[in-house]
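Below: one structure, written as structure tokens.
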Amino acid sequence: MKILQFPKKIINFLKEVKEEMGKVNWPTKREVFKNTLIVTGISVVLAAFLGGLDFLFTNLLNKLIL
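Position one of the sequence shown corresponds to residue -4 (the numbering used here), numbered consecutively onward.
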């Protein structure tokens, strides 16, 4: 009997998912674009900073070793 209820449970679950997705406050395209630029900018700055540290420490260690 439980096997016969499984499809009903799946359908009920999907209905609930659809209902909850309708309640989500989705960001506007402008907000998504702005946040994407912020994340990309921070990522580039952080990558440059870490690359600079790597370059600095590599050169310092090479001078100490050689």
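Quick reminder that beta carbons are idealized off the backbone N, C-alpha and C, glycines included.
Using a Cβ-Cβ cut-off of 8 Å (strictly less than) and excluding sequence neighbours within five positions of residue i, which residues of its own chain qualify?
{"i": "leucine -1", "result": "none"}
I need the DSSP call for residue i, collapsed to helix, strand or coil.
{"i": "valine 19", "result": "coil"}
{"i": "leucine 48", "result": "helix"}
{"i": "leucine 56", "result": "helix"}
{"i": "leucine 61", "result": "coil"}
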